[in-house]
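A.B. asks: A single structure is presented below for examination.
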Amino acid sequence: MVSKLILEWDKELGWKDNPFQDKILMPIEEFISGYEEYRKRINLFFIKNLNLGTITGEQGTGKTTLIFWLKNELKGYSKKMKVFFIPSASNQNKLMGRIIQRYITLLEKNLERPSIRLDAQSIKSNMNYFILRRQQKSLKKKQLVLLIDDIQPISDVNIEGIKRLRELGVDCKIIASGSAQLVKNSNISRLGKDQLKIVLKGMSYDEIREMIRKRIQYVGGTDIYPFSDKNLKEIYEKGERNPRRILSLCYDKAVRLSLDKEKLPAPKREEPVMNEIAKEQSKAESKKTEKPKEKKKKKDKIFAIRIHLDRKEREKKIDEKKALEFVKHSIEEGFSEQDIEAVLKDDGFSKEESKKLIKEARKTAVQPLYIRSEKEEGKKAEQKEDKKKKKEEKQNKERNTSRQNSKSKNFEFKSITEEDIDRVFGLDK
Numbered sequence: 160m161v162s163k164l165i166l167e168w169d170k171e172l173g174w175k176d177n178p179f180q181d182k183i184l185m186p187i188e189e190f191i192s193g194y195e196e197y198r199k200r201i202n203l204f205f206i207k208n209l210n211l212g213t214i215t216g217e218q219g220t221g222k223t224t225l226i227f228w229l230k231n232e233l234k235g236y237s238k239k240m241k242v243f244f245i246p247s248a249s250n251q252n253k254l255m256g257r258i259i260q261r262y263i264t265l266l267e268k269n270l271e272r273p274s275i276r277l278d279a280q281s282i283k284s285n286m287n288y289f290i291l292r293r294q295q296k297s298l299k300k301k302q303l304v305l306l307i308d309d310i311q312p313i314s315d316v317n318i319e320g321i322k323r324l325r326e327l328g329v330d331c332k333i334i335a336s337g338s339a340q341l342v343k344n345s346n347i348s349r350l351g352k353d354q355l356k357i358v359l360k361g362m363s364y365d366e367i368r369e370m371i372r373k374r375i376q377y378v379g380g381t382d383i384y385p386f387s388d389k390n391l392k393e394i395y396e397k398g399e400r401n402p403r404r405i406l407s408l409c410y411d412k413a414v415r416l417s418l419d420k421e422k423l424p425a426p427k428r429e430e431p432v433m434n435e436i437a438k439e440q441s442k443a444e445s446k447k448t449e450k451p452k453e454k455k456k457k458k459d460k461i462f463a464i465r466i467h468l469d470r471k472e473r474e475k476k477i478d479e480k481k482a483l484e485f486v487k488h489s490i491e492e493g494f495s496e497q498d499i500e501a502v503l504k505d506d507g508f509s510k511e512e513s514k515k516l517i518k519e520a521r522k523t524a525v526q527p528l529y530i531r532s533e534k535e536e537g538k539k540a541e542q543k544e545d546k547k548k549k550k551e552e553k554q555n556k557e558r559n560t561s562r563q564n565s566k567s568k569n570f571e572f573k574s575i576t577e578e579d580i581d582r583v584f585g586l587d588k
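Each number in my numbering comes from the position in the sequence shown (counting from 1) with 159 added on.
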């Protein structure tokens, strides 16, 4: 029996939202399930450089999902092709007409290079000529891809426009989706042979299970909970392999189960497979809750020094001889003076006494290897610096001597007589 009114049924199941909404979850590459064979066939369509293809099937079989997946995949090839997605809810003929007309206007423009003169008008005309020529080359070089969802009848004007584009050298590809009747009524067959012919007949149980699992985990759930495989198989058979119908049936079943949550078995404790967005969000949340580790490090250091002392001895004031041994050992282990002083302070030594002990211990303590190596490196660095300074001094001396010599030469040059100049230019003959 339900003891209270439940409106947020999804929260009762530990979810952030309803995972069975009839919408495409993004990023689509992470949530698309099944139809592997059909996706390979679409890939081959582009590899073989074919021009016309259709995807048909009943409502809810995944035609729009496949078109969206393809649109997303083609984003990475923007240098090779221009992709236009024409949705089902739009005025398809109007959109298609604009695209076709824009292409034809640019490609049919008769380009004659204007004469080159140095006036402003001539320069502007030449610039426009080069821009248009570049646009024409780009349009012919790139493939034009039209992805049409739930295709409507294509107008005669657009049929002729597509044919004209192909005559002008544009590699125009069309992939259209819709029911078999919609595709038949669309006049698309007038543009050529259907070279794809994908007919969607629904998904297998394993593909449906994978789709439901991904959706449930997306909203924070685990595997296919609250369903069992038995529940899901019953829903699958009732939904007749149709993904949209199955999502609707899953919604109804999940709502009923949320009202009898007490009867449900506990979900299996599995770590949900997170998509990239969820991973980034969880990382950001963990950074916010992360506590500073500075104090902990300091405590750990002090604890590490304390292990050198006997616990019973620490309760009293340690005698100086034992404290000296402890300080010596701590120095050799590489602990800092501050850490050693902190421990000695806890054991009743004043700051002056602690410094005295540290000073005394340093006389006999062997320094840690890394400290010795640091000092050796420091000496090497000093020697290197000295050599550099000596070299610079030597170079400065050489420069000064060369300047003095050049000054004396200049003085000698000034003392050249007119007879010497006449002799150089051959005027003494």
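Even glycine gets a Cβ: it sits at the ideal position worked out from N, Cα and C.
On the criterion of 16 or more Cβ atoms from any shown chain inside 10 Å, does K170 qualify as buried, or is it exposed?
C.D. replies: With fewer than 16 Cβ atoms within 10 Å of its Cβ, K170 is classed as exposed.
A.B. asks: Would you tell me roughly how many angstroms separate the C-alpha atoms of N210 and F190, rounded to the nearest one?
C.D. replies: Their backbone Cα atoms lie some 28 Å apart in a straight line.
A.B. asks: Between I310 and S348, is the Cβ-Cβ spacing less than 8 Å?
C.D. replies: No, the Cβ-Cβ distance between I310 and S348 is not below 8 Å.
A.B. asks: As a quick exercise: from E196, E511, W168, E551, pick the residue whose alpha carbon is nearest that of E366.
C.D. replies: Nearest of E196, E511, W168, E551 to E366, Cα basis: E196.
A.B. asks: Let me know if R261 comes out buried or exposed under the rule of 16 or more other beta-carbons within 10 Å of its beta-carbon.
C.D. replies: Classification for R261: exposed.
A.B. asks: Check whether the Cβ atoms of N317 and M255 lie closer than 8 Å to each other.
C.D. replies: Yes, they are a contact pair.
A.B. asks: Between the Cα of S247 and the Cα atoms of T224, K241, M240, K356, which residue gives the shortest distance?
C.D. replies: Taking only the C-alpha atoms, the option nearest S247 is T224.
A.B. asks: So what does DSSP say about V329, is it helix, strand or coil?
C.D. replies: V329: coil per DSSP, three-state reduction.
A.B. asks: Along the chain, where does the beta strand (DSSP E) containing V304 start, and where does it finish?
C.D. replies: V304 -> beta strand (DSSP E) spans 302-307.
A.B. asks: For G212, tell me which candidate among L305, E167, S192, K163 has the shortest Cα-Cα distance.
C.D. replies: Among L305, E167, S192, K163, the Cα nearest to that of G212 belongs to L305.
A.B. asks: Span of the alpha helix (DSSP H) holding I313?
C.D. replies: Unbroken run through I313: none, as it is neither H nor E.
A.B. asks: Between which two residues does the beta strand (DSSP E) harbouring I357 extend?
C.D. replies: It spans 357-359 - the beta strand (DSSP E) in which I357 sits, taken as one unbroken run.
A.B. asks: With a CB to CB cut of under 7 Å and the five nearest residues on each side skipped, what residues in its chain are close to K299?
C.D. replies: Excluding sequence neighbours, K299 sits near G328, V329.
A.B. asks: How should R404 be labelled, buried or exposed, when 16 other C-beta atoms within 10 angstroms of its C-beta is the threshold for buried?
C.D. replies: Per the 10 Å Cβ criterion, buried.
A.B. asks: Once the 5 residues before and after E430 are set aside, which same chain residues still bring their CB inside 8 Å of it?
C.D. replies: With a pLDDT of only 49 at E430, under the threshold of 50, the placement of this residue in the model should not be trusted; the figure read from the coordinates follows. Excluding residues within five positions, none has a Cβ falling inside 8 Å.
A.B. asks: What residue does the beta strand (DSSP E) around M370 start on, and which one ends it?
C.D. replies: M370 -> not in any beta strand (DSSP E); alpha helix (DSSP H) instead, spanning 364-377.
A.B. asks: In the DSSP assignment, what residue or residues form a beta bridge with T213?
C.D. replies: DSSP, once it has assigned bridges, lists A335 as partnering T213.
A.B. asks: Alpha helix (DSSP H) containing K230: first to last residue?
C.D. replies: Its alpha helix (DSSP H) spans residues 222-233.
A.B. asks: How many Å lie between R325 and N252 at the Cα?
C.D. replies: Between R325 and N252, the C-alpha separation is close to 18 Å.
A.B. asks: When DSSP labels each residue in this structure, what does K241 get in the three-state scheme?
C.D. replies: Strand at K241.
A.B. asks: Check whether the Cβ atoms of P402 and G221 sit closer than 8 Å, and answer yes or no.
C.D. replies: Cβ atoms of P402 and G221: closer than 8 Å.
A.B. asks: Just curious, the alpha helix (DSSP H) that N250 is in, first and last residue?
C.D. replies: Where N250 is concerned, there is no enclosing alpha helix (DSSP H), given that its DSSP letter is neither H nor E.
A.B. asks: Which first and last residues belong to the alpha helix (DSSP H) in which A520 is found?
C.D. replies: Run containing A520: 510-523, per the alpha helix (DSSP H) assignment.
A.B. asks: If you check the beta carbons only, do K487 and T523 fall under 8 Å apart?
C.D. replies: Yes; because the gap between Cβ atoms is below 8 Å, this pair is in contact.
A.B. asks: Can you tell me the Cα-Cα spacing of K539 and G507, whole angstroms?
C.D. replies: Near 42 Å, if we compare the C-alpha coordinates of G507 and K539.
A.B. asks: Assuming the contact rule is C-beta atoms closer than 8 Å, I307 and I245 should be a hit. Round their C-beta distance to whole Å, please.
C.D. replies: 5 Å between Cβ atoms; contact.
A.B. asks: Thinking S345 and P312 are a contact (beta carbons under 8 Å), I'd like their distance in whole angstroms, please.
C.D. replies: Going by Cβ atoms, the distance from S345 to P312 rounds to 5 Å, so yes, they are a contact pair.
A.B. asks: By alpha-carbon positions, which one of K322, K238, K163 ends up nearest to G351?
C.D. replies: Here the closest residue by C-alpha is K322.
A.B. asks: Residue range of the alpha helix (DSSP H) that N208 falls in?
C.D. replies: Element bounds for N208: n/a, residue is neither H nor E.
A.B. asks: Does Y194 come out as helix, strand or coil in the three-state DSSP assignment?
C.D. replies: Here Y194 sits in coil by DSSP.
A.B. asks: Give the DSSP-derived three-state secondary structure of W174 in the structure shown.
C.D. replies: Correct three-state label for W174: coil.
A.B. asks: Over what stretch of residues does the alpha helix (DSSP H) that includes N401 continue unbroken?
C.D. replies: No alpha helix (DSSP H) holds N401; DSSP gives it neither H nor E.
A.B. asks: Beta-carbon within less than 8 Å of N231's beta-carbon, same chain only, minus the 5 sequence neighbours each way: which residues are those?
C.D. replies: Closer than 8 Å at the Cβ level, and outside the excluded window around N231, lie P186, I187, E188.
A.B. asks: Quick one: what does DSSP say L423 is sitting in, helix, strand or coil?
C.D. replies: If DSSP states are grouped into helix, strand and coil, L423 belongs with coil.
A.B. asks: Compute the minimum distance between the beta carbon of K549 and the heavy atoms of the ligand GDP, and state whether it is under 7 Å.
C.D. replies: Looking at this structure, you won't find the ligand GDP or any other ligand, since it has none at all.
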